[in-house]
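Here the structure comes first, spelled out in structure tokens, and everything after it is commentary.
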Amino acid sequence: MLLHACCAPCLMAPYKHLSEKYDITIFWYNPNIQPYREYLRRLKAFKEYTKKIGAKVIYDYSYPLEDWLYKTSILSKKSNVLRCKYCYADRLYRTAQKAKEMNFDLFSTTLLLAPYQKHELIKEIGEKIGKSTGIDFYYEDMRKWFDEGERMAREAGIYRQGYCGCIYSEADRYWREKIE
């Protein structure tokens, strides 16, 4: 299975459980993470963790910032759901393409872990991409492992970010804080 991972904390519990059933290779592709220093901070934590556990990892460092911002800014004006849909589809499609290129039978994502993600939308997009690419999308409701993953990340001292990744999610998370 090629497992897309959005960050180290969201990888921990799914990797633990899924690797009991599958031979897992992890895929890093996250051009949605902004600003760039945040991207680097999450990537560093991810690399440290995957090295520590001896995981197989494929990296795609593509970071088409201008293209990503252009597309998501147009979609954001219409709906936050459309923006997230684009982001999910971009990462899942890239994962499925890589899975096909490297002869994996399955692909999935750790985006299925977080309870604040649009879970049904991720599932729907993954299944559509699976059908279009000929690589099966593995679905499991990973939210059952969320608390375990949070605990594992805290105990390991892994950097845990406060928002999904894009500047829109950062604003959604922090905009209520007063400027003094």
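Residue 140 in full-length UniProt numbering sits at position 140 of the sequence shown, and the numbers go up by one each step. Beta carbons: idealized from backbone N, C-alpha and C, even for Gly. Since this is a predicted model, take the numbers as computed values, not measurements.
- In this structure the stretch 39 to 50 does not lie against the stretch 72 to 90, because fewer than three pairs of beta carbons, one per stretch, are closer than 8 angstroms.
- In this chain, the alpha helix (DSSP H) harbouring W68 covers L65 to K78.
- Nearest neighbour of R173 by Cα position, chosen from D136, M152 and Y116, turns out to be Y116.
- Considering only T95, N30 and E148, the residue with the shortest C-alpha distance to F104 is T95.
- Runs of the beta strand (DSSP E) lying entirely within the stretch 2 to 42, each at least 3 residues long, are 2 to 5 and 25 to 28 in chain order.
- The continuous beta strand (DSSP E) containing I58 extends over residues K56 to Y59.
- About 5 angstroms separates the beta carbons of C7 and R42, which is inside the 8 angstroms limit, making them a contact pair.
- Under the three-state reduction of DSSP output, S62 falls in the coil class, being neither helix nor strand.
- At a Cβ-Cβ threshold of 8 angstroms, P35 and E150 do not count as neighbours.
- Contact check for F27 against L2 passes: the beta carbons are separated by less than 8 angstroms.
- DSSP, reduced to helix, strand and coil, places L113 outside both helices and strands of the structure shown, so it counts as coil.
- Excluding sequence positions up to five before and after H17, its CB lies within less than 7 angstroms of the CB of W145, all in the same chain and listed in chain order.
- In the three-state reduction of the DSSP assignment, D141 falls in the coil class, being assigned neither a helical nor a strand state.
- Beta-bridge partners assigned by DSSP to L82: none are found.
- Per DSSP, the beta bridge partners of F107 are L2 and F137.
- Around the beta carbon of R154, fewer than 16 other beta carbons sit within 10 angstroms, so the residue counts as exposed.
- Contact annotation: F137 and E127 have beta-carbon atoms nearer than 8 angstroms.
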